[in-house]
Amino acid sequence: MRDVPAALRERYVAAGQWTDDTLGAVLDTGLARAASQPFTVRSHTRPWRGTLGEVRTMAQHVAGGLRARGVGPGDAVAFQLPNWVEAAATFYAVSLLGAVVVPVVHFYGAKEVGYILRRTQVKALVTAARFGHLDYLANLELLRPDLRDLELVAVVDDDGHDSGRDREHVAFADLLRAEAVRAPAKVDPSSPALVAYTSGTTSDPKGVIHSHRTIVFEVKQLSAMQASGARPSLVGAPVGHGIGMLAALLLPVWQGGAIHLIDQWVPGDVLAAMLEDDLSSGTGATFFLTSLLDDPRITDRHLELMHHMGLGGSAVPYAVAERATRLGLSVVRLYGSTEHPSTTGCTHADPLDKRLRTDGRPMPGVELRLVDDRGRDVGVDAPGEIVSRGADCFVGYTDAALNAACFDADGWYATGDVGVLDAEGYVAIVDRKKDIIIRGGENISALEVEELLLRMEGVAEVAVVSAPDRRLGEHAAAFVRLLPGTTAPDLRAVSAHLEAAGLARQKWPETLQFVEDFPRTPTGKVQKFVLRERLRAAAG
């Protein structure tokens, strides 16, 4: 972790933004207060209906099972699960113990999972045997020789696997039989509570550390921004990702509301669930919205349920926001990151043009500047890199070298995103300095994909960039230069190669083009912006 400047620490404490509340205490209090609220999981394999009180009891027993097996305050505990009740119970249980929660997106492959478990020195992992085409235990067997810190693996719904194949595997059901932990552990509120991984400009995911103070303030601040009595939402964003985690596992608990999850975003299933339980479709990347608007089964009643929509997590095309508005939805755009979750946002009271064309104003308690390459503030309507700070800003990366690159001595965090600030204080994100693709709210490292494609036979050079995508905001596009005399692979062969390399399929290129050479700078660097412009022009 980095050292937060003393002046900022004192300011946040004096303002009541940083308190001694721990994540475990806040969640346990919220779960007790909302004990009668519904908790449901829509799933073809593991549906569940109950209450938050029942989930709290489940979490207390899971905490007991983990504690009996040596897990305590400060230990890193990961979970890689779909949007199931066991994911929620594990999150709450780990927090109750004062251990560090390490959520892992459920579709990550062996490459990403191995890096995360090693980098965070994970002591215990809760996972499933399989989900769809994903075989978690097969991946784990490949990784096990390199996971020196991993002492315990708990498996949900073994379904034919031998979870007792070695002493480190236990069934999740065994954890539930343990004596319950009734009180949250007392830990330093400045210590790590959560390590969330996000793929950015580097080939490996970046471990983002949030302390109890930063994540608790984020939950309280975002809750205060939302209207009371808002309709419950069906959350399809993965709970292993920042957006899904906040929307599904944290905010409803603090607000005393219901939790409704779905483990696969199938538009027909989502539309049916909305009508059955009187739910909104929630906040998130444009993909979730457009997939419903494009479905022929959508009705006027669905549009009424979706009336207030927040869009963020990936590029928000103006055409999508305008289309939703024409259908009677009130749309707002939001901007943030795993590092600084709620940086800016519009409200439904803002003028329509601001809601459709900007990402809003800084959230309460957030400071924001736009600077040039020398760190000097730029003027109104001039593009500049967004730098921010606030009580909910993360406390550093697991890789200390990254901290020096993105924080200055005064605690300003350089986001790598380029925006424009207008005279009324609204920010519009116009570009990214980071070389990432944001597909349906998930970050894809271009470098990571490039490195794997370069291992294909006959590939001389490759550049991966973002391509416009009406449903997902963006997807990965690969431009490839082949060695002379090489037969060009098709997209299916490229996908097979990446699957064999253990890369999550959401990161596979969906556009493939071959070039004789690349546009380059005088120093020989590939001009990726030219490639992106070609794709935008082709998309119209």
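Going by this note's numbering, the sequence shown opens with residue 8, and the numbers climb by one from there.
Ideal Cβ positions, reconstructed from N, Cα and C, are used throughout, including at glycine.
(request) Can you check DSSP and say which residues form a bridge with residue 466? (result) Under DSSP, residue 466 takes part in a beta bridge, and its partners are 489.
(message) With the cut-off set at 7 Å, would you say residue 176 and residue 201 are in Cβ contact?
(response) Contact: no.
(request) Under 8 Å by Cβ, that's how I've got residue 257 and residue 90 pegged, so tell me the actual separation to the nearest angstrom. (result) That belief does not hold up - the Cβ atoms of residue 257 and residue 90 are roughly 14 Å apart, past 8 Å.
(message) Contact defined as beta carbons within less than 8 Å: I believe residue 325 pairs with residue 434. What is the distance between those atoms, to the nearest angstrom?
(response) Their Cβ separation, rounded to whole angstroms, is 15 Å, which puts residue 325 and residue 434 out of contact at 8 Å.
(request) Take residue 264 as the anchor and find which of 250, 311, 37 has the nearest alpha-carbon. (result) Measuring from the Cα of residue 264, the nearest candidate turns out to be 37.
(message) Please classify residue 174 as buried or exposed, where buried requires at least 16 other C-beta atoms within 10 Å of its C-beta.
(response) Unreliable positioning characterises residue 174 in this predicted model, as indicated by a pLDDT of 48, which lies under 50. The coordinate reading is nonetheless provided below. Residue 174 is exposed by the Cβ-count criterion.
(message) Is the beta carbon of residue 114 closer than 7 Å to that of residue 511?
(response) Taking 7 Å as the Cβ cut-off, residue 511 and residue 114 qualify as a contacting pair.
(message) My assumption, with CB atoms under 8 Å, is that residue 164 sits in contact with residue 125. Please give the rounded CB distance.
(response) Wrong, their Cβ atoms sit about 26 Å apart, outside the cutoff.
(message) I'd like to know whether the C-beta atoms of residue 339 and residue 332 end up nearer to each other than 7 Å.
(response) Their beta carbons are not under 7 Å apart, which means residue 339 does not touch residue 332 by this criterion.
(request) Give me the Cβ distance between residue 85 and residue 123, rounded to the nearest whole Å; I'm assuming they're in contact under 8 Å. (result) Contact flag correct, Cβ pair sits at about 7 Å.
(request) Ignore the nearest five residues each way along the sequence and tell me which others in residue 171's own chain have a CB closer than 6 Å to its CB. (result) The predicted position of residue 171 is uncertain, since its pLDDT is 47 and thus under 50; no value can be drawn from it.
(message) Can you find the residues in the same chain that come closer than 7 Å, C-beta to C-beta, to residue 437, ignoring five residues on each side of it along the sequence?
(response) Residues 390, 425, 426, 427 of the same chain have their beta carbon placed closer than 7 Å to that of residue 437, with the five preceding and five following residues left out of the count.
(message) Three Cβ pairs or more, each shorter than 8 Å: is that satisfied between the segment 449 to 459 and the segment 415 to 425?
(response) These segments do not touch.
(request) For residue 221, count neighbouring Cβ atoms within 10 angstroms of its own Cβ and tell me buried if that reaches 16, exposed if not. (result) Buried, since its Cβ has 16 or more Cβ neighbours within 10 Å.
(request) Find the nearest neighbour of residue 544 within the set 473, 522, 381, judged by alpha-carbon distance. (result) Of the residues 473, 522, 381, the one whose Cα lies closest to the Cα of residue 544 is 473.
(request) Give the secondary structure of residue 12 by DSSP, where H, G and I count as helix, E and B as strand, and everything else as coil. (result) Correct three-state label for residue 12: coil.
(message) What would DSSP say about residue 421, mapped onto helix, strand or coil?
(response) Three-state result, residue 421: strand.
(message) Can you list, in chain order, the residues of its chain with a C-beta nearer than 7 Å to that of residue 69? Leave out the 5 residues immediately preceding and following it.
(response) So the list reads 96, 97, 100, 182, 183, once near-sequence residues are dropped.
(request) Return helix, strand or coil for residue 520, following the three-state DSSP convention. (result) Correct three-state label for residue 520: strand.
(message) Which complete beta strand (DSSP E) runs does the segment 193 to 274 hold, if anything under 3 residues is left out?
(response) Within the segment 193 to 274, the runs of beta strand (DSSP E) that reach at least 3 residues and sit entirely inside it are, in chain order, 199 to 205, 213 to 218, 266 to 269.
(message) Can you look up residue 156 in the DSSP assignment and give me helix, strand or coil?
(response) Residue 156 sits in coil when the DSSP states are folded into three classes, being neither helix nor strand.
(message) Strictly by DSSP, which residues pair up with residue 473?
(response) Answer by DSSP bridge pairing, in chain order: 483.
(message) Just to confirm my understanding: we take residue 490, look at its own chain, exclude 5 residues before and 5 after, and list those with CB closer than 8 Å. What are they?
(response) In the same chain as residue 490, and ignoring 5 residues on each side of it, the C-beta atoms closer than 8 Å to its own belong to 465, 466, 467, in chain order.
(message) For the segment 16 to 24 against the segment 242 to 262, do three or more pairs of beta-carbon atoms, one drawn from each stretch, fall closer than 8 Å, so that the two count as touching?
(response) Judged by Cβ distances under 8 Å, the segment 16 to 24 makes no contact with the segment 242 to 262, as fewer than three pairs qualify.
(message) Once DSSP output is grouped into helix, strand and coil, what is the label at residue 507?
(response) Helix at residue 507.
(request) Look up residue 58 in the DSSP assignment and give the residues it is bridged to. (result) The partner list for residue 58 (beta bridge, DSSP) reads 45.
(request) Classify residue 219 as buried or exposed, calling it buried when 16 or more other Cβ atoms lie within 10 Å of its own Cβ. (result) When all chains shown are included, residue 219 counts as buried.
(message) So for residue 392, helix, strand or coil by DSSP?
(response) DSSP places residue 392 in strand when its eight states are reduced to three.
(message) Less than 8 Å between C-beta atoms, sequence neighbours within five positions excluded: which residues of the same chain meet that for residue 349?
(response) In its chain, beyond the 5 residues on either side, 225, 228, 229, 232, 341, 343, 370, 373, 399 have a beta carbon closer than 8 Å to the beta carbon of residue 349.
(request) Report yes or no: do three or more beta-carbon pairs, one from the segment 376 to 395 and one from the segment 353 to 362, lie closer than 8 Å? (result) Of all C-beta pairs linking the segment 376 to 395 to the segment 353 to 362, fewer than three are shorter than 8 Å, placing the two stretches out of contact.
(request) Give the DSSP bridge partners of residue 351, in chain order. (result) Looking at the DSSP assignment, residue 351 forms a beta bridge with 342, 369.
(message) Quick check on residue 534: buried or exposed, where buried means 16 or more other Cβ atoms within 10 Å of its Cβ?
(response) Exposed, since its Cβ has fewer than 16 Cβ neighbours within 10 Å.
(request) With DSSP collapsed to three states, give me the class of residue 309. (result) Reduced to three states, the DSSP call for residue 309 is helix.
(message) How far does the alpha helix (DSSP H) with residue 452 in it extend, from its first residue to its last?
(response) Unbroken run through residue 452 is the beta strand (DSSP E), 449 to 452; no alpha helix (DSSP H).
(message) Please tell me whether residue 130 and residue 158 are closer than 7 Å, where the distance is taken between their beta carbons.
(response) The Cβ atoms of residue 130 and residue 158 sit closer than 7 Å to each other.
(request) Please report the residue range of the beta strand (DSSP E) in which residue 374 lies. (result) Run containing residue 374: 374 to 378, per the beta strand (DSSP E) assignment.
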